[in-house]
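Asks: Before I ask anything, here is the structure I am working with.
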Amino acid sequence: MIKLGVILYCLFSPLNVLAANLSSIVMDANGKPIKDAVVYVLVYGDNIGSSSQKVAIMDQVNKEFVPYVLPVQVGTVVRFPNKDNIRHHVYSISPAKKFDLPLYKGTSAAPIVFDRLGVVILGCNIHDWMVSYIYVLDTPYFATTGQDGLAEIRGLPHGTYEVRVWHPLQRDPTESMGQRVNLSDKKTSVNFAITLKPDWRPHRMPSLEGGHY
Amino acid sequence: MVVFRSFQSRILFFFLGLIILVQAIAFFSVNTANTQSAILQIKNELVVGGKVFDNLIKARTAHLFETARLLSGDFAFKAAFSTSDKPTLISAMDNHRARIEADVMILVSLEDKLIANTLDPEATSEQFPFPDLIRTAGQKGEASAIVFMDGHPYQMVVVPLFAPVPVAWICTGFTIDDVVARNMQTMTSLDITFIKEQQGQNPLILASTLSDTLRKALPGSLSSTIWGTDRIASLRLEGGDYVGLISYLDKQNAASVAVILQRSMEQALKPFYRLRGILIILFVIGVSISLIGGILIAKTVTKPVRILAEAAYAIENGNYQHSVTIGQHDELGRLASAFNHMMSAISKREEQIKYQAYHDNLTGLPNRSFLFNQLKEAIATAREQGKALALIIMDLDRFKDVNAVLGHNTGDTVLKKVGPLLSSSVHESVTVVRMGGDEFALLLPEIDGVQEAIDVVQNISKALEAPFLIDKNPIQVEASFGIVFFPEHGEDADTLIKLADVALYTAKGLTSGFSVYSPEFDQHSLRQLTLLGELRLAIENEELVFFYQPKVDFISGRIIGLEALLRWEHPQHGFIPPDDFIPLLEGTALIKPLTMWTLRAALSQCAGLNDMGFRLDMAVNLSARMLQDQQIPDTVIMLLKSFNLQPGQIIIEVTESAIMADPERTWDTIKRLDAIGVKLCIDDFGTGYSSMSYLQKLPVDELKIDKSFVLNMDKNANDAAIARSMIDLGHNLGLKVVAEGVENQQLWDILKSFGCDVAQGYYMSKPIPITKLIDWLKDSTWGLS
Chain A
34 MIKLGVILYC
44 LFSPLNVLAA
54 NLSSIVMDAN
64 GKPIKDAVVY
74 VLVYGDNIGS
84 SSQKVAIMDQ
94 VNKEFVPYVL
104 PVQVGTVVRF
114 PNKDNIRHHV
124 YSISPAKKFD
134 LPLYKGTSAA
144 PIVFDRLGVV
154 ILGCNIHDWM
164 VSYIYVLDTP
174 YFATTGQDGL
184 AEIRGLPHGT
194 YEVRVWHPLQ
204 RDPTESMGQR
214 VNLSDKKTSV
224 NFAITLKPDW
234 RPHRMPSLEG
244 GHY
Chain B
21 MVVFRSFQSR
31 ILFFFLGLII
41 LVQAIAFFSV
51 NTANTQSAIL
61 QIKNELVVGG
71 KVFDNLIKAR
81 TAHLFETARL
91 LSGDFAFKAA
101 FSTSDKPTLI
111 SAMDNHRARI
121 EADVMILVSL
131 EDKLIANTLD
141 PEATSEQFPF
151 PDLIRTAGQK
161 GEASAIVFMD
171 GHPYQMVVVP
181 LFAPVPVAWI
191 CTGFTIDDVV
201 ARNMQTMTSL
211 DITFIKEQQG
221 QNPLILASTL
231 SDTLRKALPG
241 SLSSTIWGTD
251 RIASLRLEGG
261 DYVGLISYLD
271 KQNAASVAVI
281 LQRSMEQALK
291 PFYRLRGILI
301 ILFVIGVSIS
311 LIGGILIAKT
321 VTKPVRILAE
331 AAYAIENGNY
341 QHSVTIGQHD
351 ELGRLASAFN
361 HMMSAISKRE
371 EQIKYQAYHD
381 NLTGLPNRSF
391 LFNQLKEAIA
401 TAREQGKALA
411 LIIMDLDRFK
421 DVNAVLGHNT
431 GDTVLKKVGP
441 LLSSSVHESV
451 TVVRMGGDEF
461 ALLLPEIDGV
471 QEAIDVVQNI
481 SKALEAPFLI
491 DKNPIQVEAS
501 FGIVFFPEHG
511 EDADTLIKLA
521 DVALYTAKGL
531 TSGFSVYSPE
541 FDQHSLRQLT
551 LLGELRLAIE
561 NEELVFFYQP
571 KVDFISGRII
581 GLEALLRWEH
591 PQHGFIPPDD
601 FIPLLEGTAL
611 IKPLTMWTLR
621 AALSQCAGLN
631 DMGFRLDMAV
641 NLSARMLQDQ
651 QIPDTVIMLL
661 KSFNLQPGQI
671 IIEVTESAIM
681 ADPERTWDTI
691 KRLDAIGVKL
701 CIDDFGTGYS
711 SMSYLQKLPV
721 DELKIDKSFV
731 LNMDKNANDA
741 AIARSMIDLG
751 HNLGLKVVAE
761 GVENQQLWDI
771 LKSFGCDVAQ
781 GYYMSKPIPI
791 TKLIDWLKDS
801 TWGLS
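So the sequence lines, in the order shown, correspond to chains A and B.
Start counting the first sequence at 34; every next residue gets the next number (our numbering).
Start counting the second sequence at 21; every next residue gets the next number (our numbering).
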């Protein structure tokens, strides 16, 4: 998925300026790779490209949100197709986007524009365990780490940027996790070591016991 | 030691004491067991109550949790939360709070900041008062604790509000107040008191089901209470005893709330007290029943015993009719029955003994003792009624002969026949008894005259005329009768019997065969009885003297001999003739020495007279008894020798009746005396029952006619004729005849004319003492041979 995003970016990037690539590995304090961490590059100036991606997808498959973490550039429209044969009631009370998609099936839910920066935590009213995060960013340049903790961002213009990392369970605020980097032809890698808070997600049915992990 | 007079009270006391002891032991054992059981029960109730209470608290907490958790899943609440509109939020919270019946709901941010509080909606402070609670929730995912807000205790739970991840903490809880306490009380049946322990002070009561007074008293009491390992202790509040259990709600939090669950001992022991009351009632009933039962049973024992004792007393007093009735069929009943049998057996035996005492075995007639009693009664009756009664004593003549000749068996048979004969010869009112031997008595309890008694006697005599046929032998029996009358002759039984005996004695010699008592006899016999005693003394005191009466020959007119007559010069009675006292001696041991003395004295005197020159025959009287004594002849021989006398000088005079009384025995003595050479004279001839043939054989020398024939000879022709015949008879038998009682010349002449040989009498001289005799011999006109 991430790779797809990168490929898409490379293909549709109007500025065929010399693009730099950034790879990043995110790990925890013990060196264990962390999945679902969003690495993003803060771009200054007017030269903020916009992501070619104008529509993002937050899918519901098998009573789970897919992806768990969806970084989008502000202004992106997110669609919520329901691949399950049951209805879901998607909602969020996050200040960044409060919305509520009452019980719907398939693609009947109206897509939603995420027009504010911030974290939007999604839940399903019917299925308490369903959680996902939409991280609305101010940059088109972001990638999510995979199982290996690796995130790669391509097509970055040369320059000096701040690279940050964000994880839903991150203890320290994202602002404090910034690292300056000078992007050039070379492949640059920036690594992060973050500390995570315990995950409070309710267990999937049937044993719904809040608080235990 | 208490002494019990009655067997009954002893039984009762023992019985009752035993029952009381047993019941008391039972009572106290049961009581103790019950008390212990009750206390154990109370403790168990406490423990159970404590467990129930714990479960109640857990349940409430669990309920809170569940409802809080449900709330956290409530979309509407999440929506309300998302509005950030505090009033809306508070009203939504209140609504939800009410739904779950909580008393408070507080929302706390993830940053430990107070968002909203239903109890204090206007609060501006962002300080959540229980950060520890949130910390625990943060660690464990949820938390519960007892917390204090405004001094009130709350049971609080904290759960995360999921949207979908934890976005806030929901704190909700309920107060702990009296209502809660009362609810708990309903479930546990214990008094609930929530307290907060305070350092250095009495615990603070937060809520309680206790009354105000007890509430005030409890904290003080608790300070000094020491809880056991089972967390149970006794409490004493306002004079009441309680048992309490202490429990801590929040075990981790030391400063948290504790709960005292308590139970009034009195309350708990109420059923036990009821039981004890019942036991006491049972105890009392048991004792009462035992008492009554004991009395009844004791009575069933003592009453019969008393009855038996009374019956025993009755028997002691001779009452054999007092039969015992005891209705029981047990041992006592058997005792009573045995008692009755015994009583009738004793009665029968007594009857038997009485009968034997008063009856004669042989004849079946009553006996002497019976007569005595009957006589006494009859005398009393006769005295009362002023009537006369008669007592007749009879005996069979010469009964000794029957026994001797025919044997005692025959004699007994005779007696046996006499009895019924007597009974049938008299009126049934007459009491017939056998006095003993051959003596019988008849009591005529009421007579109108002397003749009546005489008639009875004659009837009997007539009846006896017919001989008894015994072993084909006819046996003739004759009887003599002595008759006395009351009140004429005597006034008491002893006297009458004695006098009747006297009369009987006098009847012996009479042809009529009976004799009515005359006072003359009495003097005689009375004197006789006393005389015997005096006679002994008389011998010693030389009151016995010999008088001598001369005998004169009719033809020669000379004094030829003397008769020695024993006289008694009694100091009071004066001169007593030998006839009056010799017979008394007959049966006694005195007769022999007396006889010896007589012989000696007479023979001695004879020898003395011889020495003086008066050669005279000496006649000495021998009694019948002495005549039977084998030693007499030897004595005579000895005396003759010692006084140097010729046997021919001595004449032994023996009465006709004495000889005839026992002809066989006397025969030997007479023969021997004759052989010695002593002369023998039959005295009082004509008054006995001589047999001619025997007379013929007897070696006697003289015959002495009884004075009764001589005295009236001059006036009575019969007497003269008899005297004459006797003289002839004597001569025909070759005997010399002596006449006694020659008192005057006429008699002398008549006798002389009849040819009598010797005379003795007052005409010549009365019997005189020796000194006078000697003088008379010297001076007498009658010459000496």
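Ideal placement from N, C-alpha and C gives every residue a C-beta, glycine not left out.
Every value quoted in this text rests on a predicted model; they were computed, and no experiment measured them.
Chain B beta carbons: is any one of them nearer than 7 Å to that of GLY188 (chain A)?
Replies: no
Asks: Can you list the residues of chain B that MET163 (chain A) reaches, using a CB-CB cut of under 8 Å?
Replies: Residues of chain B passing the Cβ test: PRO184.
Asks: Compare the Cα-Cα distances from GLN17 (chain B) to each of B:PRO239, B:PRO598, B:ASP350 and report the closest residue.
Replies: With chain B represented from 21 up to 805, any question about residue 17 (chain B) goes unanswered, as that position is not in the structure.
Asks: Give me the DSSP bridge partner(s) of ASP631 (chain B).
Replies: Paired residues: none, contrary to the question.
Asks: Measure the Cβ-Cβ separation of LEU139 (chain B) and VAL124 (chain B) and say whether it is below 7 Å.
Replies: yes
Asks: For the segment 141-161 of chain A, which residues have a CB atom closer than 8 Å to at least one CB atom of chain B, in sequence order?
Replies: ILE154, LEU155, GLY156, CYS157, ASN158, ASP161
Asks: Count the other C-beta atoms from every protein chain shown that fall within 10 angstroms of the C-beta of TYR782 (chain B), then say buried if there are 16 or more, exposed otherwise.
Replies: exposed
Asks: With DSSP as the reference, please indicate the residues paired to CYS191 (chain B) in a beta bridge.
Replies: DSSP lists B:ILE126, B:VAL178 as partners of CYS191 (chain B).
Asks: Indicate whether VAL110 (chain A) and VAL88 (chain A) have their beta-carbon atoms separated by less than 7 Å.
Replies: yes
Asks: Touch check for the segment 433-443 of chain B and the segment 559-566 of chain B: three-plus C-beta pairs under 8 Å?
Replies: The segment 433-443 of chain B makes no contact with the segment 559-566 of chain B; the number of CB pairs closer than 8 Å stays below 3.
Asks: Determine the contact status of ILE227 (chain A) and GLN212 (chain A), defining contact as a CB-CB distance below 7 Å.
Replies: no
Asks: Check distances from the C-beta atoms of the segment 90-117 of chain B to those of chain D and list, in chain order, the residues that come in under 8 Å.
Replies: You won't find chain D in this structure, because its protein chains are A and B.
Asks: How big is the Cα-Cα spacing for SER29 (chain B) and LEU38 (chain B)?
Replies: 14 Å
Asks: Let me check one thing: in DSSP terms, what residues is GLN780 (chain B) bridge-paired to?
Replies: B:GLU760
Asks: Does any C-beta atom of chain B lie closer than 7 Å to the C-beta of HIS245 (chain A)?
Replies: Bear in mind that the predicted position of HIS245 (chain A) carries a pLDDT of just 37, short of 50, making it unreliable; the figure below should be weighed with that in mind. Cβ-Cβ to chain B under 7 Å: yes for HIS245 (chain A).
Asks: Using only CA atoms, which one of A:LEU170, A:TYR137, A:ARG197 lies nearest to ASN118 (chain A)?
Replies: A:TYR137
Asks: Within 7 Å of any Cβ in chain B, is that where the Cβ of LYS131 (chain A) sits?
Replies: True, the Cβ-Cβ gap to chain B drops below 7 Å.
Asks: How many angstroms separate the CA atom of HIS590 (chain B) from the CA atom of ILE596 (chain B)?
Replies: 7 Å
Asks: Which residues in chain B have a C-beta closer than 8 Å to the C-beta of ILE126 (chain A)? List them in chain order.
Replies: LYS98, ALA99, PHE101, SER102, ALA183, VAL187
Asks: Using 7 Å as the threshold, is the C-beta distance between VAL71 (chain A) and GLY182 (chain A) below it?
Replies: No, the pair does not count as a contact, with Cβ atoms beyond the cut-off.
Asks: So does the segment 405-415 of chain B actually touch the segment 356-376 of chain B, counting three or more Cβ pairs closer than 8 Å?
Replies: no
Asks: Give the secondary structure of ALA523 (chain B) by DSSP, where H, G and I count as helix, E and B as strand, and everything else as coil.
Replies: Secondary structure at ALA523 (chain B): helix, using DSSP grouped into helix, strand and coil.
Asks: Please list the terminal residues of the continuous alpha helix (DSSP H) segment that includes LEU66 (chain B).
Replies: 27-93
Asks: Please go through the same chain and pick out, in chain order, the residues whose beta-carbon is closer than 7 Å to the beta-carbon of SER92 (chain B), but skip the five residues on each side of it.
Replies: Apart from the 5 residues on each side of it in sequence, SER92 (chain B) sits with its Cβ closer than 7 Å to the Cβ of VAL179, PRO180, LEU181, PHE182, ILE190 in its chain, given in chain order.
Asks: In chain order, what residues of the same chain lie with their CB nearer than 8 Å to the CB of GLU258 (chain B), ignoring the 5 residues before and after it?
Replies: The residues THR233, LEU234, ALA237, in chain order, have a CB closer than 8 Å to that of GLU258 (chain B) in the same chain once the five nearest residues on each side in sequence are set aside.
Asks: Reducing DSSP to helix, strand and coil, say where ASP512 (chain B) ends up.
Replies: coil
Asks: What does the Cβ neighbour count give for ILE300 (chain B), buried or exposed, with the cut at 16 atoms within 10 Å?
Replies: exposed
Asks: Between the C-alpha atoms of LEU155 (chain A) and ASN203 (chain B), what's the straight-line distance to the nearest angstrom?
Replies: Going by the C-alpha atoms only, they are around 44 Å apart.
Asks: Ends of the alpha helix (DSSP H) at PRO440 (chain B)?
Replies: 428-445
Asks: Which whole-angstrom value describes the C-beta separation of ALA165 (chain B) and MET176 (chain B), a residue pair presumed to lie in contact below a C-beta threshold of 8 Å?
Replies: 6 Å
Asks: Whole beta strand (DSSP E) runs in the segment 669-704 of chain B with 3 or more residues, listed along the chain?
Replies: 670-675
Asks: When the distance is taken between beta carbons, is VAL504 (chain B) closer than 7 Å to ALA779 (chain B)?
Replies: Going by C-beta atoms, ALA779 (chain B) is not nearer than 7 Å to VAL504 (chain B).
Asks: Ends of the alpha helix (DSSP H) at PRO104 (chain A)?
Replies: Looking at the DSSP string, PRO104 (chain A) is not in any alpha helix (DSSP H); the run it does join, the beta strand (DSSP E), is 102-106.
Asks: Which same chain residues, not among the five before or five after PHE272 (chain A), have their C-beta less than 6 Å away from its C-beta?
Replies: Here chain A comprises residues numbered 34 to 246, so residue 272 (chain A) is not present and cannot be evaluated.
Asks: Sort B:ASP114, B:GLU760, B:VAL200 by Cα distance to GLN569 (chain B) and report the nearest one.
Replies: Out of B:ASP114, B:GLU760, B:VAL200, B:GLU760 has the C-alpha closest to the C-alpha of GLN569 (chain B).
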